[in-house]
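S.K.: Protein chains in written order, with the numbering used here: chain A, 15 to 305; chain B, 15 to 305.
There are 2 protein chains.
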Amino acid sequence: MIIDGLAIAKEIRNQLKEEIAEFDNKQIPPGLGIVMVGNRVDSATYVRMKKRACNEVGIFHQEVRLSEDVSQEELLQKIVDLNTDTAIHGILIQLPLPAHIDTNKILKSVSREKDVDGFHPENVGNLTLNRLEDVLMPCTPKGCIELLDKYNIEIEGKHAVVIGKSSIVGMPLSLLLLHREATVSVCHVKTQNIKEITRQADILISACGQAEMIKADWVKDGCVVIDVGINSVDDENAKRGYRIVGDVDFDDVREKASAITPVPGGVGPMTIAMLLKNTVNAYRSHNTKTK
Amino acid sequence: MIIDGLAIAKEIRNQLKEEIAEFDNKQIPPGLGIVMVGNRVDSATYVRMKKRACNEVGIFHQEVRLSEDVSQEELLQKIVDLNTDTAIHGILIQLPLPAHIDTNKILKSVSREKDVDGFHPENVGNLTLNRLEDVLMPCTPKGCIELLDKYNIEIEGKHAVVIGKSSIVGMPLSLLLLHREATVSVCHVKTQNIKEITRQADILISACGQAEMIKADWVKDGCVVIDVGINSVDDENAKRGYRIVGDVDFDDVREKASAITPVPGGVGPMTIAMLLKNTVNAYRSHNTKTK
Numbered sequence: 015m016i017i018d019g020l021a022i023a024k025e026i027r028n029q030l031k032e033e034i035a036e037f038d039n040k041q042i043p044p045g046l047g048i049v050m051v052g053n054r055v056d057s058a059t060y061v062r063m064k065k066r067a068c069n070e071v072g073i074f075h076q077e078v079r080l081s082e083d084v085s086q087e088e089l090l091q092k093i094v095d096l097n098t099d100t101a102i103h104g105i106l107i108q109l110p111l112p113a114h115i116d117t118n119k120i121l122k123s124v125s126r127e128k129d130v131d132g133f134h135p136e137n138v139g140n141l142t143l144n145r146l147e148d149v150l151m152p153c154t155p156k157g158c159i160e161l162l163d164k165y166n167i168e169i170e171g172k173h174a175v176v177i178g179k180s181s182i183v184g185m186p187l188s189l190l191l192l193h194r195e196a197t198v199s200v201c202h203v204k205t206q207n208i209k210e211i212t213r214q215a216d217i218l219i220s221a222c223g224q225a226e227m228i229k230a231d232w233v234k235d236g237c238v239v240i241d242v243g244i245n246s247v248d249d250e251n252a253k254r255g256y257r258i259v260g261d262v263d264f265d266d267v268r269e270k271a272s273a274i275t276p277v278p279g280g281v282g283p284m285t286i287a288m289l290l291k292n293t294v295n296a297y298r299s300h301n302t303k304t305k
Numbered sequence: 015m016i017i018d019g020l021a022i023a024k025e026i027r028n029q030l031k032e033e034i035a036e037f038d039n040k041q042i043p044p045g046l047g048i049v050m051v052g053n054r055v056d057s058a059t060y061v062r063m064k065k066r067a068c069n070e071v072g073i074f075h076q077e078v079r080l081s082e083d084v085s086q087e088e089l090l091q092k093i094v095d096l097n098t099d100t101a102i103h104g105i106l107i108q109l110p111l112p113a114h115i116d117t118n119k120i121l122k123s124v125s126r127e128k129d130v131d132g133f134h135p136e137n138v139g140n141l142t143l144n145r146l147e148d149v150l151m152p153c154t155p156k157g158c159i160e161l162l163d164k165y166n167i168e169i170e171g172k173h174a175v176v177i178g179k180s181s182i183v184g185m186p187l188s189l190l191l192l193h194r195e196a197t198v199s200v201c202h203v204k205t206q207n208i209k210e211i212t213r214q215a216d217i218l219i220s221a222c223g224q225a226e227m228i229k230a231d232w233v234k235d236g237c238v239v240i241d242v243g244i245n246s247v248d249d250e251n252a253k254r255g256y257r258i259v260g261d262v263d264f265d266d267v268r269e270k271a272s273a274i275t276p277v278p279g280g281v282g283p284m285t286i287a288m289l290l291k292n293t294v295n296a297y298r299s300h301n302t303k304t305k
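Below, the structure written as structure tokens:
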């Protein structure tokens with residue numbers, strides 16, 4: 015079974031569109047501030063996709079585009095402006111930021127209530143503590159869990175193996191799987207005999223950014239495989255000279271997996287759908303608090 | 015090899031005692047506020063041990079003892095008072111609190127800077143994000159890591175299996191082990207075939223509160239075993255009618271383990287030593303900021 019992230023993401027966008035259409039007309043709509051520094055091609059693509067998704071569902075967006083050599087202070091000031099802007103309910107800083115910028119400091123400056131990427135220490139802390147009611151969660155991990163749920167894939171009691179332990183994907187995803195009562199093993203670049211561990215997985219989630227690393231002999235029969243990787247590999251036959259692949263060798267692994275996400279069209283669209291959802295949730299919390 | 019937590023904890027206390035003795039005499043000493051609600055015998059024992067440890071190293075302590083039926087509001091007010099008390103640098107709420115109290119709300123009310131138990135969402139978030147410079151960490155996980163370090167037990171690249179996923183021990187400990195580049199598997203009450211996982215452990219840490227659950231056939235030869243459990247079991251031959259045991263059947267497992275903590279005398283004394291250390295760290299941060 016191929017897990018169709020495109021279809022699920024579209025379903026979520028349609029649902030958000032309906033919800034937003036029903037909001038009080040006299041109020042301003044949900045708004046997303048997008049901060050983009052420099053001209054990275056991949057970042058520009060992601061920002062374009064996010065803006066298109068906002069348009070589709072009825073979220074107002076405002077892009078703050080800054081040159082590659084912007085100073086830390088100027089960037090901080092832009093975020094302070096967005097923090098206090100009443101038309102903005104969510105703030106997205108497109109990563110990576112240039113090397114001369116202190117990324118942690120910038121991410122920390124986004125107000126907790128507008129932190130739709132779920133990077134603020136207090137949001138991260140509440141996620142760790144399983145206090146999920148009022149917390150903005152990182153979009154990719156949330157999207158992975160949502161995919162499993164939409165396909166009625168049981169998490170409780172299953173052995174979930176996560177490859178990668180980044181703050182943005184692997185770590186929060188591992189925590190969410192634990193909160194859902196999976197047995198969780200986290201592997202990474204220092205893991206020895208990694209195949210021995212991945213072969214135990216009922217649910218294998220890879221977020222390590224190694225193109226097609228995971229082969230058929232890494233997984234057991236019937237495993238559910240979620241591929242978070244987005245890697246570009248050279249391909250002379252492709253129009254642009256490259257193609258996008260996941261961390262999983264899809265053609266090799268699909269025969270053994272009971273369910274598997276493709277790349278593209280798996281986790282990717284879910285990440286954007288969750289960003290929209292977080293923005294709407296932030297908007298709702300804001301309106302509840304200011305009532 | 016038996017890991018001597020008593021000796022390591024004593025060493026740490028001696029070191030803290032020297033450090034405190036060297037602090038500027040004109041300043042007030044480090045101070046710990048201890049909030050104890052009700053009359054639980056085990057809680058009273060822990061509080062007594064903590065006060066004794068404070069006395070030994072030269073930390074001022076002030077106990078706020080409240081009756082079992084104290085209201086949420088009154089308890090909150092006591093914490094607000096401690097938050098603003100300039101003689102107090104760390105605040106410890108002895109758990110568990112009575113059922114009518116919202117424990118989460120109480121723990122959240124402790125100011126981040128005085129949160130020597132490491133329960134505040136922002137401290138938890140920074141721990142999750144591996145920003146450990148300025149963070150107060152939960153005492154028991156910190157004590158476990160310190161024991162491994164003092165005995166020069168390598169963590170990086172090892173397979174660490176943690177039993178239990180509580181917010182106080184299992185979860186933060188798993189995160190710390192990941193930050194130290196261990197491969198980490200987290201097991202708990204919903205884990206199936208738990209022995210198959212624990213038998214893979216290079217380092218096995220149990221924090222599940224099941225008396226002597228872990229037998230020799232749960233561990234592989236040469237495993238390092240850290241036992242966080244403190245369980246009382248009936249024993250007619252004991253003076254008090256019970257004795258304290260860990261989660262590990264010590265006599266059964268010790269032959270196979272390359273290193274093992276006893277209970278009592280393993281992790282327990284380290285928890286208190288780390289509380290003292292956190293209090294001194296909070297004191298130092300406070301003094302640095304107010305300089």
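C-beta atoms are modelled at their ideal positions from N, C-alpha and C, and glycine is treated no differently.
Note that the structure is a prediction, hence the values are computed from the model and not measured.
(1) Which residues in chain B sit within 8 Å of Cys201 (chain A), going by Cβ to Cβ distance?
(2) What is the DSSP secondary structure of Glu127 (chain B), reduced to helix, strand or coil?
(3) So Leu106 (chain B) is in the alpha helix (DSSP H); what residue range does that whole segment cover?
(4) For chain B, is any of its Cβ atoms less than 9 Å away from the one on Gln206 (chain A)?
(5) Can you list, in chain order, the residues of the stretch 97-121 of chain A whose Cβ is nearer than 9 Å to any Cβ on chain B?
(6) Using beta-carbon positions only, say whether Lys200 (chain B) and Arg213 (chain B) come within less than 9 Å of one another.
(7) Cys222 (chain A) by DSSP, collapsed to three states: which one?
(8) Going by C-alpha distance, which of A:Glu160, A:Pro152, A:His75 and A:Arg194 is nearest Gly171 (chain A)?
(9) If I measure Cβ to Cβ from Val94 (chain A) and keep anything under 8 Å in the same chain, skipping five residues before and after, which residues do I get?
(10) Exposed or buried, which one is Lys303 (chain A) when buried takes at least 16 other CB atoms within 10 Å?
(11) Ile286 (chain A) to Glu226 (chain B), Cα distance in whole Å?
(12) May I have a chain-ordered list of the beta strand (DSSP E) segments no shorter than 3 residues that lie completely inside the stretch 146-207 of chain A?
(13) Do you know offhand how far His173 (chain A)'s Cα is from Cys237 (chain B)'s?
(14) Give the residues from the stretch 169-194 of chain A that approach chain B closer than 7 Å (Cβ to any Cβ), ordered along the chain.
(15) Can you grab the Cα-Cα spacing for the pair Cys153 (chain B) / Asn295 (chain A), in whole Å?
(16) Residues of chain B with CB closer than 7 Å to the CB of Val138 (chain A), please, in chain order.
(17) Determine the closest residue to Gly243 (chain B) out of B:Asp265, B:Pro276 and B:Glu25, with distance taken between C-alpha atoms.
(18) Suppose the cutoff is 6 Å on Cβ atoms and the five residues either side in sequence are ignored; what does the same chain contact list for Cys222 (chain B) look like?
(19) For chain B, find out if any of its Cβ atoms is closer than 9 Å to the Cβ of Pro155 (chain A); answer yes or no.
(20) What is the residue span of the alpha helix (DSSP H) that Met15 (chain B) lies within?
(21) Closest to Met284 (chain A) by C-alpha separation, out of A:Met63, A:Asp56 and A:Ser57, would be which residue?
(22) By the three-class DSSP mapping on this structure, what secondary structure does Ile42 (chain B) have?
(23) By Cβ distance below 6 Å, which residues in the same chain neighbour Lys92 (chain B) in space, the five residues on each side in sequence not counted?
(24) Pick from A:Thr197, A:Asn118 and A:Ser125: whose alpha carbon is nearest that of Ser181 (chain A)?
(25) On the CB-based measure, 16 or more other CB atoms within 10 Å of its CB, does Ala196 (chain B) come out buried or exposed?
(26) Among B:Val84, B:Ile42 and B:Leu20, which one has its Cα closest to the Cα of Ile73 (chain B)?
(27) Cβ closer than 9 Å: which chain B residues qualify as neighbours of Ile211 (chain A)?
(28) Based on DSSP bridge pairs, tell me the residues matched to Leu80 (chain B).
(29) Taking only beta-carbon atoms, is His134 (chain B) less than 9 Å away from chain A?
(30) Measuring CA to CA, which of B:Asp131, B:Val84 and B:Asn137 is closest to Ala113 (chain B)?
(31) Please classify Val267 (chain B) as buried or exposed, where buried requires at least 16 other C-beta atoms within 10 Å of its C-beta.
(32) Leaving out five residues on either side along the sequence, give the residues of the same chain with a beta carbon under 6 Å from the beta carbon of Leu90 (chain A).
(33) I need the straight-line Cα distance from Leu20 (chain B) to Lys291 (chain B), nearest angstrom please.
(34) Keeping to the same chain, check which residues put their C-beta closer than 7 Å to that of Val259 (chain A); ignore five residues upstream and five downstream.
M.R.: Concretely, from the data shown:
(1) Reading the first sequence from its first residue, position 187 is the one you call residue 201 (chain A). Thr197, listed in chain order.
(2) The residue you call residue 127 (chain B) lines up with position 113 of the second sequence. If DSSP states are grouped into helix, strand and coil, Glu127 (chain B) belongs with the helices.
(3) Counted from its first residue, the second sequence places residue 106 (chain B) at position 92. Careful: Leu106 (chain B) lies outside any alpha helix (DSSP H), inside the beta strand (DSSP E) at Gly104 to Ile107.
(4) Stepping through the first sequence from its first residue, residue 206 (chain A) is reached at position 192. Gln206 (chain A) counts as touching chain B.
(5) Asn118
(6) Position 186 of the second sequence, counting from 1, holds the residue named residue 200 (chain B). Position 199 of the second sequence, counting from 1, holds the residue named residue 213 (chain B). Note on identity: in this sequence residue 200 (chain B) is Val, with Lys being the wrong assignment. Cβ distance not < 9 Å, so Val200 (chain B) and Arg213 (chain B) don't count as in contact.
(7) Within the first sequence, numbered from 1, the residue matching residue 222 (chain A) stands at position 208. Correct three-state label for Cys222 (chain A): coil.
(8) For the purposes of this step, residue 171 (chain A) is identified with residue 157 of the first sequence, where counting begins at 1. The option with the nearest alpha carbon to Gly171 (chain A) is A:Arg194.
(9) Along the first sequence, one-based indexing puts residue 94 (chain A) at 80. Result list for Val94 (chain A): Ser123, in chain order.
(10) Taking the first residue of the first sequence as position 1, residue 303 (chain A) is located at position 289. Exposed, by the Cβ-count rule.
(11) Locating residue 286 (chain A) in the first sequence gives position 272, where the first residue counts as 1. Locating residue 226 (chain B) in the second sequence gives position 212, where the first residue counts as 1. So the two alpha carbons sit approximately 48 Å from each other.
(12) 173-177 and 197-201
(13) Locating residue 173 (chain A) in the first sequence gives position 159, where the first residue counts as 1. Locating residue 237 (chain B) in the second sequence gives position 223, where the first residue counts as 1. If you take the alpha carbons of His173 (chain A) and Cys237 (chain B), they lie about 22 Å apart.
(14) Glu170, Gly171, Lys179, Ser181, Met185 and Leu192
(15) Locating residue 153 (chain B) in the second sequence gives position 139, counting from the first residue. Locating residue 295 (chain A) in the first sequence gives position 281, counting from the first residue. Looking at the two C-alpha atoms, the distance is approximately 35 Å.
(16) Counting from 1 along the first sequence, the entry for residue 138 (chain A) is found at position 124. The answer, in chain order, is Gly139, Thr142 and Leu143.
(17) In the second sequence, counting from the first residue as 1, residue 243 (chain B) sits at position 229. When each option's Cα is compared against that of Gly243 (chain B), the closest is B:Pro276.
(18) One-based indexing of the second sequence puts residue 222 (chain B) at position 208. Closer than 6 Å at the Cβ level, and outside the excluded window around Cys222 (chain B), lie Ile177, Gly178 and Asp261.
(19) Here residue 155 (chain A) refers to the residue found at position 141 when the first sequence is read from its first residue. It does not; no Cβ of chain B falls within 9 Å.
(20) The residue you call residue 15 (chain B) lines up with position 1 of the second sequence. Run containing Met15 (chain B): none; DSSP gives neither H nor E here.
(21) The residue you call residue 284 (chain A) lines up with position 270 of the first sequence. Taking only the C-alpha atoms, the option nearest Met284 (chain A) is A:Met63.
(22) Start at 1 with the first residue of the second sequence, and residue 42 (chain B) comes out as number 28. Here Ile42 (chain B) sits in coil by DSSP.
(23) As a first step, residue 92 (chain B) is located in the second sequence; it is residue number 78 there, counting from the start. Cβ neighbours of Lys92 (chain B) beyond the five flanking positions: Val78.
(24) Mapped onto the first sequence, residue 181 (chain A) falls at position 167. Looking at the Cα atoms, A:Asn118 is the closest of the given residues.
(25) The residue given as residue 196 (chain B) occupies position 182 in the second sequence. Label assigned to Ala196 (chain B): buried.
(26) Locating residue 73 (chain B) in the second sequence gives position 59, counting from the first residue. The candidate whose alpha carbon is nearest that of Ile73 (chain B) is B:Ile42.
(27) In the first sequence, counting from the first residue as 1, residue 211 (chain A) sits at position 197. Per Cβ cutoff of 9 Å: His173, Thr197, Ser199 and Gln214.
(28) Counted from its first residue, the second sequence places residue 80 (chain B) at position 66. Answer is B:Val51, bridged to Leu80 (chain B).
(29) Taking the second sequence and counting its residues from 1, one reaches residue 134 (chain B) at position 120. Yes, His134 (chain B) counts as interfacial toward chain A.
(30) As a position in the second sequence, residue 113 (chain B) is number 99, starting the count at 1. The candidate whose alpha carbon is nearest that of Ala113 (chain B) is B:Val84.
(31) For the purposes of this step, residue 267 (chain B) is taken as the residue at position 253 of the second sequence. Val267 (chain B) comes out buried.
(32) Reading the first sequence from its first residue, position 76 is the one you call residue 90 (chain A). Same-chain partners within the cutoff: Ser123.
(33) Sequence index remark: in the second sequence, residue 20 (chain B) carries index 6 (1-based). Sequence index remark: in the second sequence, residue 291 (chain B) carries index 277 (1-based). Computed Cα separation, rounded: 16 Å.
(34) As a first step, residue 259 (chain A) is located in the first sequence; it is residue number 245 there, counting from the start. If we look at Val259 (chain A) and ignore the five residues flanking it on each side, its Cβ neighbours are Ala225, Glu226, Asn245, Val247 and Val277.
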